[in-house]
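Asker: If you scroll down you'll find the structure; I have some questions about it.
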Amino acid sequence: MEIESSAGSSFNVWSMPSRGLAWCDCGKGHKLTESIVYRAFGEAGYEPSRPLTHEQLVDLIAQVWHYSEVCRFFHLAVEQAATRIHGKVDAYYPLDHSIDIVGLFSKTWQGCPDAACQAEG
Numbered sequence: 190m191e192i193e194s195s196a197g198s199s200f201n202v203w204s205m206p207s208r209g210l211a212w213c214d215c216g217k218g219h220k221l222t223e224s225i226v227y228r229a230f231g232e233a234g235y236e237p238s239r240p241l242t243h244e245q246l247v248d249l250i251a252q253v254w255h256y257s258e259v260c261r262f263f264h265l266a267v268e269q270a271a272t273r274i275h276g277k278v279d280a281y282y283p284l285d286h287s288i289d290i291v292g293l294f295s296k297t298w299q300g301c302p303d304a305a306c307q308a309e310g
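Using my numbering, the letters of the sequence shown map in sequence onto residues 190 to 310.
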C-alpha cells in the first residue's frame, strides 16, 4: 500500500494498520495514539504554537520510542515519513504534521537492518 503525501491526499495516519515493529514491547499490544504523541510532545517541552525543527522531530520520535541513540536508518525512516506527510524533508514542521509524522514513522518502522545496531538495542 503506497501512501500519498498530505499535500495531495487526506489520508488519516491514525486509522491505517501498523506494518512495523510494535511500539510498546510490554506484550499487551498497546497501540500508539495521537494522545500519547501529544503527551510526549508536551513532556519534551515543545510548545504547540511553535513548529518543530527537523532535529526536534527526530528527538521527539526517539523519545516516543524510548531510544537513547538513533542510527542513519532511523533518520532515513523519519525523512521518508516527513516526505509522505509534509511533502518534503523541511527545516520546520507545523504541529499537525509533526504529530502525523510520528504516527506514520511508528506504524511503518521496521527497525534497523544493521546487525551492529540491533546488538546495541
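By construction, the Cβ of each residue, glycine as well, lies at the ideal position given by its N, Cα and C atoms.
Determine whether the beta carbon atoms of Ala-233 and Leu-249 lie at a separation below 7 Å.
Answerer: Yes.
Asker: Which stretch, first to last residue, makes up the alpha helix (DSSP H) that contains Asp-289?
Answerer: Per DSSP, Asp-289 belongs to the alpha helix (DSSP H) from 284 to 297.
Asker: Within this structure, are the beta carbons of Gly-209 and Thr-297 separated by less than 7 Å?
Answerer: Going by C-beta atoms, Gly-209 is nearer than 7 Å to Thr-297.
Asker: Could you check the C-alpha separation between Val-151 and Val-253 for me, to the nearest Å?
Answerer: No information on residue 151 is available, as it lies outside the stretch 190 to 310 that the chain covers here.
Asker: Just to confirm before moving on: does the CB-CB distance between Val-267 and Val-291 stay below 7 Å?
Answerer: Not a contact, by the Cβ cut-off of 7 Å.
Asker: Let me confirm a value: Cys-255 is counted as buried when at least 16 other C-beta atoms fall within 10 Å, else exposed. Which label applies?
Answerer: First, the residue type needs correcting, since residue 255 is His and not Cys in the sequence shown. Classification of His-255: exposed, given that the 10 Å Cβ count is below 16.
Asker: Considering only residues of the same chain and omitting the five flanking positions on each side of Pro-302, which have a CB-CB separation below 7 Å?
Answerer: Once the five neighbours on either side are set aside, the close Cβ partners of Pro-302 are Phe-262.
Asker: Can you tell me whether DSSP reads Tyr-281 as helix, strand or coil?
Answerer: Strand.
Asker: Label Arg-239 either buried or exposed according to how many other C-beta atoms from any shown protein chain fall within 10 Å of its C-beta, with 16 as the threshold for buried.
Answerer: Under this definition Arg-239 is an exposed residue.
Asker: When DSSP labels each residue in this structure, what does Leu-265 get in the three-state scheme?
Answerer: DSSP places Leu-265 in helix when its eight states are reduced to three.
Asker: Would you call the CB atoms of Leu-241 and Ser-295 closer than 7 Å?
Answerer: Not in contact: Leu-241 and Ser-295 (Cβ atoms no closer than 7 Å).
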